[in-house]
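Residue numbers (the working numbering): 329 to 649.
Encoded structure:
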């Protein structure tokens, strides 16, 4: 009996992931790219081999994020194949690709936020992009107000939004994790108005933020439109060399909340578990990561710590640790 083709095995793997609750859109994208690359060089290939995998990864050497993603998904695919008995599948060694170094985060000013949303609200109705003038301003406002991951907004289903109860459910985010997001009265009012208008165009829609085919906006389209509005508001920033993307709204959400708590005299450590759950982190360490991204926090915490420093006696260098 002939072995299934590499393409068939990949389809089976993606189907397996989806049956287990993963959307797996990005993983399927990289697997498709790998299969196209590998079969062009070797039409008879049936499982990933070292030569094709390493040659494929070389294509991403100048793009650390893509390199890491491609390696991670190919490693996962090979583990699946090995578990099914395809022992010749090449498994990329752990540590082969280091995590990419993230670009320094960009923090919005209030003036920049206002200018950005003015551009969003000026987008015109275009019959070629049904509903875009309604969807894009609402998507970006939800990112800004709730600090969600871009994917969580893009794939939000209409059935999971309960504006009458003041919340929506984020399902199967970053693996099999789900959470409930409660939102403010102002945001409920805005989304309720959006929902009424978009329902006139898509009365039976599946997605809360549909593209013209009632499917999720792609990650690329979300980024493209974010940059379109950003550079329309600030054309002078286009060649500044500063990296910015829609995900910055998530950083800004943490930044704004932490600084608000400090201004209000709240205990940031006590508030962190709430922020952790709201953002979909399973470990508070993931939320603490944002501390070093927020420059204002260090000044505030240092200033407050001065009051307690003199209560702690100094220890002589010769004393024990």
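No residue lacks a Cβ here, since even glycine has one placed at the ideal position from N, Cα and C.
Name the DSSP bridge partner or partners of residue 535?
One-based indexing of the chain shown puts residue 535 at position 207. Residue 535 is bridged to 485.
Status (buried if at least 16 other CB within 10 Å, exposed otherwise) for residue 375
Along the chain shown, read from residue 1 onward, the residue named residue 375 stands at position 47. Flag for residue 375 reads buried.
What do you reckon, are the CB atoms on residue 482 and residue 537 nearer than 8 Å?
Within the chain shown, residue 482 is the residue found at index 154, counting from 1. Within the chain shown, residue 537 is the residue found at index 209, counting from 1. Yes, the pair counts as a contact, with Cβ atoms nearer than the cut-off.
Close beta carbons around residue 641, own chain, < 6 Å, minus the five adjacent residues each side:
Residue 641 sits at position 313 when you count from the first residue of the chain shown. In this prediction, residue 641 has a pLDDT of 39, which is less than 50 and means its spatial position is unreliable; what the coordinates show is noted afterwards. Listed in chain order, the non-local C-beta contacts of residue 641 below 6 Å within the same chain number zero, local neighbours out to five positions each way being set aside.
Burial state of residue 329 (16 or more Cβ within 10 Å)
Numbered from its first residue, the chain shown carries residue 329 at position 1. In this prediction, residue 329 scores a pLDDT of 45, lower than 50, which makes its location untrustworthy; the coordinate-derived value is nonetheless stated afterwards. When all chains shown are included, residue 329 counts as exposed.
Spatial neighbours of residue 331 in its chain, beta-carbon cut-off 7 Å, leaving aside the 5 residues before and after:
For the purposes of this step, residue 331 is taken as residue 3 along the chain shown, with counting starting at 1. Closer than 7 Å at the Cβ level, and outside the excluded window around residue 331, lie 374.
Let me check understanding here. Comparing Cα to Cα, which of 562, 582, 463 and 357 lies closest to residue 433?
Your numbering for residue 433 matches position 105 in the chain shown. It is 582.
Return the chain-ordered list of same chain residues with a C-beta closer than 7 Å to the C-beta of residue 341, the five sequence neighbours on each side being excluded.
As a position in the chain shown, residue 341 is number 13, starting the count at 1. If we look at residue 341 and ignore the five residues flanking it on each side, its Cβ neighbours are 405 and 408.
Over the uninterrupted beta strand (DSSP E) stretch that includes residue 457, give me the two end residues.
For the purposes of this step, residue 457 is identified with residue 129 of the chain shown, where counting begins at 1. Residue 457 -> no beta strand (DSSP E), and no H or E assigned at all.
Starting from residue 507, follow its DSSP beta bridges and name the residues at the other end.
Here the question's residue 507 lines up with position 179 in the chain shown. Residue 507 is bridged to 498.
Restricting to Cα atoms, I'd like to know which of 521, 531 and 478 is closest to residue 608.
Stepping through the chain shown from its first residue, residue 608 is reached at position 280. Among 521, 531 and 478, the Cα nearest to that of residue 608 belongs to 478.
With a CB to CB cut of under 8 Å and the five nearest residues on each side skipped, what residues in its chain are close to residue 601?
Here the question's residue 601 lines up with position 273 in the chain shown. Counting only Cβ-Cβ distances below 8 Å, and skipping sequence neighbours, we find 612.
In terms of alpha-carbon separation, which member of 559, 577 and 461 lies closest to residue 569?
Start at 1 with the first residue of the chain shown, and residue 569 comes out as number 241. Comparing Cα positions, the closest option is 559.
Hey, could you find the ends of the alpha helix (DSSP H) residue 522 is sitting in?
Along the chain shown, one-based indexing puts residue 522 at 194. From DSSP, the alpha helix (DSSP H) with residue 522 extends over 513-529.
Whole beta strand (DSSP E) elements within the segment 581-619, 3-residue minimum:
With a minimum length of 3 residues, no continuous beta strand (DSSP E) run stays inside the segment 581-619.
Euclidean distance between Cα positions of residue 444 and residue 594
If you number the chain shown from 1, residue 444 lands on position 116. If you number the chain shown from 1, residue 594 lands on position 266. Cα atoms of residue 444 and residue 594: separation of roughly 30 Å, rounded to the nearest angstrom.
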